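Take a look at the structure below.
There are 2 protein chains.
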Amino acid sequence: MWWKILTDYFFSFNLAADCNAVLKALQPIFQEQGMTETVHNWEDHGYLVTYIKKNGSFANLRIHPHGLVLVDLQSYNDDMKGRQEVDQLLNKVEERMKELFHGNIKRVKRLPAILRGGVIDRYWPTADGRLVEYDIDEVVYDEDSPFQNIKILHSKQFGNILILSGDVNLAESDLAYTQAIMGSGKEDYTGKEVLILGGGDGGILYEIVKLKPKMVTMVEISFDKVASSNIDQMVIDGCKKHMRKTCGDVLDNLKGECYQVLIEDCIPVLKRYAKEGRMFDYVINDLTAVPISTSPEEDSTWEFLRLILDLSMKVLKQDGKYFTQGNCINLTDALTLYEEQLSRLYCPVEFSKETVCVPSYMELYP
Amino acid sequence: MWWKILTDYFFSFNLAADCNAVLKALQPIFQEQGMTETVHNWEDHGYLVTYIKKNGSFANLRIHPHGLVLVDLQSYNDDMKGRQEVDQLLNKVEERMKELFHGNIKRVKRLPAILRGGVIDRYWPTADGRLVEYDIDEVVYDEDSPFQNIKILHSKQFGNILILSGDVNLAESDLAYTQAIMGSGKEDYTGKEVLILGGGDGGILYEIVKLKPKMVTMVEISFDKVASSNIDQMVIDGCKKHMRKTCGDVLDNLKGECYQVLIEDCIPVLKRYAKEGRMFDYVINDLTAVPISTSPEEDSTWEFLRLILDLSMKVLKQDGKYFTQGNCINLTDALTLYEEQLSRLYCPVEFSKETVCVPSYMELYP
Numbered sequence: 001m002w003w004k005i006l007t008d009y010f011f012s013f014n015l016a017a018d019c020n021a022v023l024k025a026l027q028p029i030f031q032e033q034g035m036t037e038t039v040h041n042w043e044d045h046g047y048l049v050t051y052i053k054k055n056g057s058f059a060n061l062r063i064h065p066h067g068l069v070l071v072d073l074q075s076y077n078d079d080m081k082g083r084q085e086v087d088q089l090l091n092k093v094e095e096r097m098k099e100l101f102h103g104n105i106k107r108v109k110r111l112p113a114i115l116r117g118g119v120i121d122r123y124w125p126t127a128d129g130r131l132v133e134y135d136i137d138e139v140v141y142d143e144d145s146p147f148q149n150i151k152i153l154h155s156k157q158f159g160n161i162l163i164l165s166g167d168v169n170l171a172e173s174d175l176a177y178t179q180a181i182m183g184s185g186k187e188d189y190t191g192k193e194v195l196i197l198g199g200g201d202g203g204i205l206y207e208i209v210k211l212k213p214k215m216v217t218m219v220e221i222s223f224d225k226v227a228s229s230n231i232d233q234m235v236i237d238g239c240k241k242h243m244r245k246t247c248g249d250v251l252d253n254l255k256g257e258c259y260q261v262l263i264e265d266c267i268p269v270l271k272r273y274a275k276e277g278r279m280f281d282y283v284i285n286d287l288t289a290v291p292i293s294t295s296p297e298e299d300s301t302w303e304f305l306r307l308i309l310d311l312s313m314k315v316l317k318q319d320g321k322y323f324t325q326g327n328c329i330n331l332t333d334a335l336t337l338y339e340e341q342l343s344r345l346y347c348p349v350e351f352s353k354e355t356v357c358v359p360s361y362m363e364l365y366p
Numbered sequence: 001m002w003w004k005i006l007t008d009y010f011f012s013f014n015l016a017a018d019c020n021a022v023l024k025a026l027q028p029i030f031q032e033q034g035m036t037e038t039v040h041n042w043e044d045h046g047y048l049v050t051y052i053k054k055n056g057s058f059a060n061l062r063i064h065p066h067g068l069v070l071v072d073l074q075s076y077n078d079d080m081k082g083r084q085e086v087d088q089l090l091n092k093v094e095e096r097m098k099e100l101f102h103g104n105i106k107r108v109k110r111l112p113a114i115l116r117g118g119v120i121d122r123y124w125p126t127a128d129g130r131l132v133e134y135d136i137d138e139v140v141y142d143e144d145s146p147f148q149n150i151k152i153l154h155s156k157q158f159g160n161i162l163i164l165s166g167d168v169n170l171a172e173s174d175l176a177y178t179q180a181i182m183g184s185g186k187e188d189y190t191g192k193e194v195l196i197l198g199g200g201d202g203g204i205l206y207e208i209v210k211l212k213p214k215m216v217t218m219v220e221i222s223f224d225k226v227a228s229s230n231i232d233q234m235v236i237d238g239c240k241k242h243m244r245k246t247c248g249d250v251l252d253n254l255k256g257e258c259y260q261v262l263i264e265d266c267i268p269v270l271k272r273y274a275k276e277g278r279m280f281d282y283v284i285n286d287l288t289a290v291p292i293s294t295s296p297e298e299d300s301t302w303e304f305l306r307l308i309l310d311l312s313m314k315v316l317k318q319d320g321k322y323f324t325q326g327n328c329i330n331l332t333d334a335l336t337l338y339e340e341q342l343s344r345l346y347c348p349v350e351f352s353k354e355t356v357c358v359p360s361y362m363e364l365y366p
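Written out as structure tokens, the structure is:
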């Protein structure tokens with residue numbers, strides 16, 4: 001596997017002459033390694049020096065005139081020896097820089113190596129676009145359904161993680177998410193009629209069935225209206241095999257004593273229920289997160305969300321409750337918009353929200 | 001601020017001829033940008049092509065013969081326009097690659113930009129060495145005490161975060177940590193004698209004082225025996241100003257009705273208490289995490305930990321309880337060693353453990 005180490009040295013110098021001094025000080029360290037040097041001098045933008053090794057490794061040394069020196073190494077060594085050599089090289093660079101600037105260095109930052117091109121991809125950005133490395137050690141399931149790519153990856157600390165089209169959906173550690181969307185333990189589901197929209201990982205279904213409801217109906221929509229949602233048969237197939245801590249045995253059959261799973265488009269199902277006057281005590285929408293887009297007029301996903309909301313209200317008993325997830329707490333615009341959508345419903349609703357720590361999301365979710 | 005975008009294209013090709021085809025296909029895209037090209041051909045290790053722009057930006061195109069193409073861009077544009085240009089460039093590369101391989105690409109991965117050399121450093125690796133980007137938007141406090149560097153950084157979702165010598169210590173969102181180390185709400189502190197070792201952020205002190213204890217004594221050791229610990233006056237100064245959600249007003253004075261804070265080395269204090277026969281119902285050790293090192297014989301930190309443990313047991317009432325934190329759940333070797341240390345104490349102890357999700361740690365902590 002190829003990896004890349006990024007190291008930053010942050011100084012206070014301001015003269016082109018200093019750029020040259022840095023170059024002169026560091027050159028011998030790379031040359032000792034038998035690396036071939038190519039120097040580019042921008043004059044007003046400092047230096048880029050490329051060092052190339054015979055084994056295919058290379059280093060970029062970027063010296064900026066305002067006092068920033070960046071060293072990037074790219075190597076293919078999956079042995080400890082190669083890693084140690086790189087550490088030694090960087091230690092030497094650090095030492096030399098401290099000598100040169102008499103310890104007057106504002107910041108030295110060495111980032112963990114970024115592993116690239118391996119079988120296992122450990123980098124799954126958060127909903128607000130931050131880089132996060134997971135402790136993935138195994139690809140458990142990796143299939144393309146007609147709607148999305150479905151991955152189940154094993155994390156040492158979170159257990160198996162369901163990733164749909166690149167978005168972290170749920171890990172076996174995330175009972176907190178399931179509990180939150182069920183009302184944080186404050187609801188009594190005994191003898192109740194419950195409708196779950198989405199929920200293909202089976203987590204909500206499994207937890208509610210334990211609470212002796214009258215009937216739980218889970219509708220797995222089966223079209224790709226929503227970019228990323230846990231909604232297809234192949235999600236169920238993957239989860240019932242590999243997310244058993246989340247779903248138990250509840251997905252082994254699509255029908256149980258007090259539950260049924262319909263692999264159907266939820267829109268016509270909701271319309272039919274509304275027409276028949278079939279009413280629920282709880283509707284739990286686990287179809288998708290609040291869309292990240294903040295231009296609802298242009299975005300059909302918002303329209304779709306509003307449609308689902310409207311239809312859900314029509315099948316909800318007078319004193320019924322509707323639960324859904326929000327999105328990453330940092331996407332405040334999207335969350336505010338979602339609250340605005342609530343005020344546009346055909347009937348007035350009251351709502352409250354709650355923030356929860358979902359371990360595998362590595363961010364807070366309202 | 002300088003930033004770097006890493007993009008990986010992962011193909012299935014195996015011939016040197018294919019490397020050349022990739023090079024030929026992608027060259028025009030970079031040349032159109034007015035970039036100067038330098039090609040290095042390893043023959044058996046593929047190509048490294050460096051593209052340099054007049055404004056100081058540059059790109060590395062690394063083509064590996066086993067079917068991996070890496071594109072790294074380094075730029076200084078903090079405007080949206082620069083970012084959009086880079087996105088467009090990468091879109092073109094992706095398009096061209098899909099054409100060339102008729103869509104037969106195993107993986108395309110574009111990582112979020114890594115921001116470097118800025119005032120704000122957003123990258124704080126986890127205890128087990130994984131790269132994590134926090135949503136830091138402000139440096140609130142940044143001082144060097146005689147013992148360590150103390151940073152308090154503001155995160156949009158976690159509030160202010162205390163970082164000691166580069167290790168994330170506690171965020172204002174992390175009441176869960178404080179509650180866990182206090183016994184997860186199962187303990188009755190009313191009228192009790194409590195000793196806190198460390199705890200300079202004031203979180204534990206603040207929470208216990210609310211529970212009407214008889215007396216809480218917090219000892220802040222004042223030497224640098226432990227590499228990273230929340231133990232000095234400057235930590236207290238920073239926290240009482242900037243971590244008020246954690247510590248309330250409890251650090252405004254070092255003495256209150258039912259508590260006192262001693263800025264002293266805890267070892268002689270513990271020895272004195274042991275000699276005087278001063279006994280506590282609870283000892284809470286928040287001095288430091290379990291050391292990461294797994295060679296306790298060589299490591300004086302383990303010895304130090306054992307000394308603290310031994311002395312703590314001496315000032316603990318017969319039915320008293322000792323609470324401490326563990327470390328990241330992935331550092332299983334270190335945790336096992338810690339449990340072994342417990343069995344080496346001068347008196348036999350019973351212990352239990354619990355895993356908790358600490359929001360800002362982005363990992364599970366036993």
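Protein sequence lines correspond, in order, to chains F and Y.
Be aware that the first sequence starts at 1, since it is given in our numbering, and climbs by one per residue.
Be aware that the second sequence starts at 1, since it is given in our numbering, and climbs by one per residue.
Beta carbons are placed, not taken as given, at the ideal position from N, Cα and C, and that holds for glycine.
The model shown is predicted, which means the values in this text are computed figures rather than measured ones.
A check of alpha carbon separations from L48(Y) across V71(Y), S57(Y), K54(Y), G67(Y) identifies V71(Y) as the nearest.
Not one beta carbon of chain Y lies nearer than 7 angstroms to the beta carbon of R306(F). Rounded to the nearest whole angstrom, the CA to CA distance from V93(Y) to R83(Y) is 15 angstroms. Chain order gives the chain Y residues near E133(F) as R130, L131, V132, where near means a beta carbon separation below 7 angstroms. Contact between M279(F) and K240(F) is ruled out by a C-beta separation of about 30 angstroms, above the 8 angstroms threshold. Under DSSP, K275(F) takes part in no beta bridge, so it has no partner. Taken in chain order, the complete alpha helix (DSSP H) segments of 4 or more residues contained in the region 141-216 of chain F are 175-181, 203-209. Residue contact with chain Y for H45(F): present (Cβ-Cβ distance below 7 angstroms to some residue of chain Y). Using a CB distance below 8 angstroms, the part of the region 46-63 of chain F facing chain Y consists of G46, L48, T50, I52, K54, N55, G56, F58, N60, R62, ordered along the chain.
For the C-beta of D8(Y), the chain F residues within less than 7 angstroms are, from N- to C-terminus, R116, G117. Relative to N60(Y), the option among F323(Y), V235(Y), Y51(Y) whose CA is nearest is Y51(Y). The beta-carbon distance between C258(F) and M215(F), rounded to whole angstroms, is 6 angstroms. This is short enough to meet the 8 angstroms contact definition.
Here the alpha carbon of I5(Y) sits roughly 12 angstroms from the alpha carbon of L89(Y). Nearest CB-CB separation between W42(Y) and chain F: below the 7 angstroms threshold. Pairwise C-beta distances place the region 143-154 of chain F out of contact with the region 28-35 of chain F, as fewer than three of them are shorter than 8 angstroms. As the crow flies, the alpha-carbon of R62(F) is around 12 angstroms from that of R116(Y). Counting only Cβ-Cβ distances below 8 angstroms, L111(F) has contacts in chain Y at I114, Y123, P125, L131, in chain order. Taking the C-beta atoms as reference points, G238(Y) is found no nearer than 7 angstroms to Y206(Y). In this structure the region 131-141 of chain F lies against the region 154-166 of chain F, because at least three pairs of beta carbons, one per stretch, are closer than 8 angstroms.
Selection S57(F), W42(F), N55(F), L211(F) evaluated against F58(Y) yields W42(F) as nearest (Cα-Cα). The C-beta separation of I284(Y) from V194(Y) comes to about 7 angstroms, placing the pair in contact by the 8 angstroms criterion. With the criterion set as a beta carbon lying under 7 angstroms from some beta carbon of chain Y, the members of the region 66-88 of chain F are L68, L70, Q74, in sequence order. Of the residues assessed, T190(F) falls on the exposed side of the cut-off, its CB having fewer than 16 other CB atoms within 10 angstroms.
Here the region 107-124 of chain F lies against the region 105-124 of chain Y, with 3 or more beta-carbon pairs under 8 angstroms apart.
Around K4(F), the beta-carbon contacts reaching into chain Y at under 9 angstroms are L6, L70, D72. Between the alpha carbons of E276(F) and Y282(F) lies a distance of about 17 angstroms. N149(F) places its beta carbon less than 7 angstroms from that of S165(F). Residue pairing from DSSP places K255(Y) in a beta bridge opposite Q260(Y).
Between Y141(F) and the set S155(F), I308(F), R130(F), V132(F), the nearest pair of CA atoms involves S155(F). Straight through space, the alpha carbons of R306(Y) and G200(Y) are spaced by roughly 21 angstroms. Separation of V132(Y) and L131(F) (C-alpha to C-alpha, rounded to the nearest whole angstrom) is 6 angstroms. Distance from the Cα of C19(F) is smallest, within the candidate group D87(F), L100(F), L175(F), for L100(F).
By the criterion of a C-beta distance shorter than 8 angstroms, K255(F) is surrounded in its chain by V261, once the five residues flanking it on both sides are discounted. In the structure shown, the three-state DSSP call for E138(F) is strand. Checking the DSSP bridge columns, you'll see V250(F) has no partner listed.
At a Cβ-Cβ threshold of 7 angstroms, G198(F) and L309(F) do not count as neighbours.
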